[in-house]
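Per full-length UniProt numbering, numbering of the sequence shown is gapless, rising by one per residue and ending at 406.
Every residue gets a Cβ at the ideal spot worked out from N, C-alpha and C, and that includes glycine.
Please read all numbers here as calculations on a predicted model, not as lab measurements.
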Amino acid sequence: MWPKFSTKISKLVLVISAILVLFILYRQAFNPLWRGHLEIDTWNYFLKVEDFIKTGSLFSTIGNEILPATTLFLLIPGIFIPQPPFFYSAYLPAFFTLIIIVLICHVFLAAKYGSINQAIIFSLLMLFFGPILLFRFDALAALLVVLSLICFQQKKFLLSALFLGLVTSIKIYPLIFLPYLLLILFTQHQRKLIVSYLSGFTISLILPVCIFLFYGGQASQIIAGLNFHALKPVSIESLPGSLITLSSLLTQGLPPQLLGGWGVWGVNAPLNLFNKFWLLPVAIFYLFLLKNKTYLHQISFGVIFCLMILFLIFSKNLHAQYIWWFLSLFPFIKFRSAHKLKYLFMIVLLIFIGIFNQLVYPLFYTQFLEDFYQHNRQYAVFSALLLRNWLIVTLLILSLKYEFKK
């Protein structure tokens, strides 16, 4: 499947492509077309860091969704900025630089534990995904997930547990991978390792919390951060949100009323249902694995890839940056020559998912909110969102066939 070049040429192509992609993303990040919507989050990061520098305490971060380990990570760019004064114009490029370092590490791991060709493709996929990566900390979470899975694959179970615990203290979503890893250990009759793995996971999960509390944070802030997610409405970008909007268009002739709050734009839907809706498909997925234990003999990035997409499809939020959660796993999926057409089609799907993802957010997000939702006109952006979500569902179906079809 892959073009046959010498290792030196392949490495050179990888280095050049990665540098070019990161340079383009960095330049795009300062372009108003992307920067306008994207920097809302980084501005909030800056305000938290600025407050910490002034007060020496993390107490003021109550009422937001930022978890303890993330808060500590956001402080890092501030360390390298000369003090005083502390300006946003200095924090933003420092934050970008930190994320670029994270992405370079990700590309390196893709080349080492996937293949150089897969790493080259991965670099190009980053280009189609766009500069949103530089404005968010999802790249860090994805890197830690990959490190945890690689360590597990290399039978470095304690390191794997520590990485997984740490990333769960940054983003909650990696918690859905824990049962899969424990089931593999159980299938391999590694009962003692299960206990030590859970212990390492718990210690790594709690350690950032302890540091957070030491620097003035309070337990009430952590609880508020967790509740913040539960209170979010069903977002307009999610699959359920887009289907609710489509249903309203077909039955009422206009989009549903927008609900703004908790950091998202959403639609009216029962939160008691949609906060837990993802549990059913994920549980069914795990039941399938239990009935087919051949998939539990060793870790597979393909299984994790499928599980990640499945979770996002049935979640109430599917923001633009969340696409990175599964895209970041793709270069580590084992290439099977018997299914090379499926693999190529998966690459094509990821490219178009990235393109439509950028079109919706951030490029035409203002038109999406104002023209479509408020004035019931300009359906093009909503069509792009429907296409993106349909392509994600198609990617899941294709990935399941690629991974589980014998």
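A residue is called buried when at least 16 other Cβ atoms come within 10 angstroms of its Cβ; E39 meets this threshold and is buried. The three-state secondary structure of G266, taken from DSSP, is strand. Around the Cβ of W43, a 10 Å sphere holds fewer than 16 other Cβ atoms; the residue is exposed. Of the other Cβ atoms in all chains shown, fewer than 16 fall within 10 Å of the Cβ of R191; this residue is therefore exposed. With the rule of 3 Cβ pairs closer than 8 Å, the region 320-332 counts as touching the region 135-154. Excluding the 5 residues flanking it on each side, V393 has same chain C-beta neighbours closer than 8 Å at L239 and I313, in chain order.
Under DSSP, the beta-bridge partners assigned to V234 are V267. Judged by beta-carbon spacing, F96 lies beyond the 9 Å limit of Y45, meaning their Cβ atoms are not closer than that value.
Considering only Q374, G354 and F372, the residue with the shortest C-alpha distance to L387 is G354. The shortest CA-to-CA distance from L109 to any of A224, A18 and I81 is the one to A18. Per DSSP, G165 is not a residue of any beta strand (DSSP E); the alpha helix (DSSP H) it occupies stretches across F157 to T168. Residue range L259 to G261 is occupied by the beta strand (DSSP E) that includes L259.
Going by DSSP, V102 is part of the alpha helix (DSSP H) stretching over Y88 to Y113. At a Cβ-Cβ threshold of 9 Å, E50 and F86 count as neighbours. Taking a 10 Å sphere around the C-beta of T168, we find 16 or more other C-beta atoms and assign the residue as buried. Contact check for F122 against G114 passes: the beta carbons are separated by less than 9 Å.
In this structure, the beta-carbon distance from L271 to L125 does not fall below 9 Å.
Counting along the chain, W278 sits inside no alpha helix (DSSP H), nor does DSSP assign it H or E at all. Relative to the Cα of Y343, the nearest Cα in the group Y402, F356, F368 and Y322 belongs to Y402. In this chain, A338 is not harboured by any alpha helix (DSSP H), its DSSP state being neither H nor E.
Contact between A139 and V102 holds: their C-beta atoms lie close to 5 Å from each other, under 8 Å. When C-beta atoms of the region 318-325 are compared with those of the region 286-304, fewer than three pairs fall below 8 Å, so the two segments do not count as touching. Straight-line measurement puts the Cα of G56 at about 44 Å from the Cα of V303. Contact between the region 296-310 and the region 252-270 is absent: fewer than three C-beta pairs spanning the two stretches fall below 8 Å. Scanning its chain for C-beta atoms nearer than 7 Å, with the 5 sequence neighbours on each side dropped, one finds around L310 the residues P281, V282, F285 and L396, in chain order. With a cutoff of 9 Å on beta-carbon distance, K11 and A161 are scored as not near each other.
If you compare the alpha carbons of L182, V15 and I99 with that of L158, the shortest gap goes to L182. Counting only residues of its own chain and dropping the five nearest sequence neighbours on each side, N357 has a CB closer than 8 Å to the CB of F129, G130, A320, I323 and R388. The beta-carbon separation of T245 and P233, rounded to 13 Å, does not stay under the 8 Å limit for a contact.
Under the three-state reduction of DSSP, E65 is assigned to coil, being neither helix nor strand. Around the Cβ of S220, a 10 Å sphere holds fewer than 16 other Cβ atoms; the residue is exposed.
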